[in-house]
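Undergrad: Residue numbers (the numbering used here), protein chains in the order written: chain A, 10 to 121; chain B, 47 to 156. Before I ask anything, let me first share the structure, which is written out below as structure tokens.
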Amino acid sequence: QKEVEQNSGPLSVPEGAIASLNCTYSDRGSQSFFWYRQYSGKSPELIMFIYSNGDKEDGRFTAQLNKASQYVSLLIRDSQPSDSATYLCAVPGRDSSYKLIFGSGTRLLVRP
Amino acid sequence: DGGITQSPKYLFRKEGQNVTLSCEQNLNHDAMYWYRQDPGQGLRLIYYSQIVNDFQKGDIAEGYSVSREKKESFPLTVTSAQKNPTAFYLCASADRDIQYFGAGTRLSVL
């Protein structure tokens with residue numbers, strides 16, 4: 010089992026809809042979780058991080074963490090075509106919190 | 047203007063050649079990282095450094111070397127031993143466990 014797993018997509022949603030991106034992780038001891046957005050040909054950009062169970066909201070973005078089920082989700086409300094990108098989930102490595110383990114990303118397409 | 051600067055943006059390597067990718071940060075971060083990204087793939091860790099004059103191998107260190115002589119700088123050398131170097135190389139620095147990325151260097155083989 011990979012340490013961090015994401016559905017590669019693409020996930021296609023119409024403009025204005027809610028996009029839901031999911032990530033599962035294998036290390037029960039993980040304490041922090043990160044979501045990065047990567048536009049095609051560009052570098053990853055941090056959009057959300059979450060440490061505690063429950064929801065964390067920032068503008069149109071909500072991160073949801075369920076440690077018991079070992080998944081973290083990213084919800085994007087009122088999706089815009091500019092949200093079309095690959096979204097990477099990352100968690101610290103088992104052997105060092107200095108290292109992040111990245112999922113392979115989910116590609117999101119928002120249709121105008 | 048604070049940030050992480052990678053240069054060059056594009057780099058071409060000839061057979062048997064070593065090339066060095068530059069990464070400079072002015073964020074006063076202690077930790078710095080090098081990742082490799084292949085098309086359609088996630089990021090794989092090459093090397094990381096938590097402090098000046100110290101660095102550790104990541105998951106795919108073979109064929110690469112680094113140095114950390116200054117807090118601001120963490121150059122990566124892709125040696126001739128790396129037989130498949132074509133990829134997008136990303137440098138990051140971290141404030142505690144939160145990593146921020148430079149714009150990346152795209153390396154190709156001539």
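A virtual CB, placed ideally from N, CA and C, is assigned to each residue, including glycine.
1) Alpha carbon to alpha carbon, what distance is there between S139/B and V112/B?
2) S78/A CB to nearest chain B CB: under 8 Å?
3) According to DSSP, G63/A sits in a beta bridge with which residue or residues?
4) With a cut-off of 8 Å, do at least 3 Cβ pairs link the segment 20-31 of chain A to the segment 86-100 of chain A?
5) Going by the beta-carbon positions, is the gap between Q79/A and T33/A smaller than 8 Å?
6) Can you tell me where the beta strand (DSSP E) holding A99/A begins and where it ends?
7) Quick one: does F147/B have its CB under 8 Å from some CB of chain A?
8) Which of the residues in the segment 88-114 of chain A, read from start to end, lie with their CB under 7 Å from any CB of chain B?
9) Identify the continuous beta strand (DSSP E) that holds R59/B and give its terminal residues.
10) Cutting at 6 Å between CB atoms, please list the residues of its own chain near G18/A, excluding the five before and the five after it.
11) Taking the straight line between their C-alpha atoms, what separation do you get for S154/B and A133/B?
12) Return the chain-ordered list of same chain residues with a C-beta closer than 8 Å to the C-beta of A107/B, the five sequence neighbours on each side being excluded.
13) How would you write the range of the beta strand (DSSP E) that D100/B sits in, first residue to last?
14) Touching or not, the segment 55-74 of chain B and the segment 109-127 of chain B, by the rule of three or more beta carbon pairs under 8 Å?
15) Would you report the Cα separation of G112/A and Q47/A, rounded to the nearest angstrom?
16) Excluding sequence positions up to five away, which residues of its chain have a Cβ less than 6 Å from the Cβ of G102/A?
TA: A quick look at the data gives this:
1) 15 Å
2) So no, S78/A is outside the interface.
3) L74/A
4) yes
5) yes
6) Membership of A99/A in the beta strand (DSSP E) is indicated by the continuous run 94-101.
7) Interface criterion met: the Cβ of F147/B is under 8 Å from a Cβ in chain A.
8) L97, P101, S106, Y107, K108, L109, F111, G112, S113, G114
9) 56-59
10) Leaving aside the five residues that flank G18/A on each side, the residues in its chain whose CB is nearer than 6 Å to its CB run, in chain order, T115, R116.
11) 7 Å
12) I92, Y93
13) Per DSSP, D100/B belongs to the beta strand (DSSP E) from 100-103.
14) yes
15) Q47/A has its alpha-carbon roughly 12 Å from the corresponding atom of G112/A.
16) K108, I110
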